[in-house]
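These notes are about the structure you will find just below.
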Amino acid sequence: MINTIFAEAVDEICSELETAVSKGKNFNDTLQGILQGIVKKHKRIIFNGDNYSAEWTKEAEKRGLPNLRNTPDTLEVIEKDKKYGALFEKYGVLTKEEFKSRNDVYHHAYEMTIAMEANCAITIAKTLVIPAALEYQGVLAETIQKVGSISKKITMLESKKLLVSLVSNVEEALAAVSELEASVASGKSAKKTIASMVKLREAIDALEGIIPKDKWPLPTYAEMMFMM
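Counting with full-length UniProt numbering, you get residues 1 to 228 for the letters of the sequence shown.
Here is the structure:
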């Protein structure tokens, strides 16, 4: 798409130059004027800071620039705004039918990829992380019960808080798995599926901070960061 838009821009510049020269105007002066006009017209897209920062997001909004943050939103804009399809057709890149077909393929590929990632997340959570969490939950509960039975003076308040936190996080993970499974089964919205994956990710991250390393079934963040 970028190459096609670039081709259109070059085509417009060439047409303007050819028209000006045919009317006896100076080539260099005309070119200078065209370039100055381009800079004035598109200066708002130039940002010399960090284009990934929140600062640029706010600045882009002030300048009225679009900020499409995901594939579905981008494909929707491309499909609804007829100028994109017309641009491809004008330069013989794609017909209207081919342009629509390509977008349909992109939509389908994106949805299939998200569904695949979601199913992987569900499998990892159900077969690895949650079983490990439940195992540690049982061990912790049994330990609290046995130690507490020695004497009534042993309250183990902090240990009980840890168990409550663990149980809560396990329940959150299970609920997130159920929500994600329902989203994948519906096959309606990749956005909703991603939102459900984020919830599951947050619950799993919380469990990683509680479950002992020897019981954690996956590489930890620390191991991945410092692994040689």
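Backbone N, C-alpha and C fix where the C-beta goes; we use that ideal spot for every residue, glycine too. Remember, predicted model here, so these are calculated numbers, not experimental data.
* Asked: Per DSSP, what kind of secondary structure is W56 in: helix, strand or coil?
  -> helix
* Taking C-alpha atoms, which residue in K191, V129, A182, S22 lies nearest to H107? -> K191
* Asked: For K62, which of E76, F47, G24, K215 has the nearest alpha-carbon?
  -> F47
* Asked: Exposed or buried, which one is S101 when buried takes at least 16 other CB atoms within 10 Å?
  -> exposed
* **M1 versus G187 - alpha carbon distance** => Note that M1 scores 49 on pLDDT, short of 50, meaning its location in the model is unreliable and no value can be drawn from it.
* Note the first and the last residue of the continuous alpha helix (DSSP H) segment covering L75. => 71 to 80
* **T127 classed as buried or exposed, judged by whether at least 16 other C-beta atoms fall within 10 angstroms** => By the 10 Å Cβ count, T127 comes out exposed.
* **Cβ pair L140, L166 closer than 8 Å** => yes
* Per-residue burial, G85 [other beta carbons within 10 Å of its own, 16 or more giving buried] -> With 16 or more other Cβ atoms within 10 Å, it is buried.
* Asked: With a cut-off of 8 Å, do at least 3 Cβ pairs link the region 169 to 185 to the region 112 to 128?
  -> Because the criterion of three Cβ pairs below 8 Å is met, the region 169 to 185 and the region 112 to 128 touch.
* Asked: Excluding five sequence neighbours on each side, which residues of the same chain lie with their C-beta closer than 8 Å to the C-beta of G148?
  -> I154, T155, M156
* To do: Can you tell me which of the three DSSP states M1 falls into?
  => Summary for M1: the model assigns pLDDT 49, below 50, so the residue's position carries little reliability; its value from the coordinates is reported in the next sentence. If DSSP states are grouped into helix, strand and coil, M1 belongs with coil.
* Asked: Just checking, does the region 35 to 42 make contact with the region 56 to 71 on the three C-beta pairs under 8 Å criterion?
  -> no
* Nearest to I45 (by Cα), restricted to the options E59, I34, I122, L35 -> Nearest Cα to I45 within the set E59, I34, I122, L35: E59.
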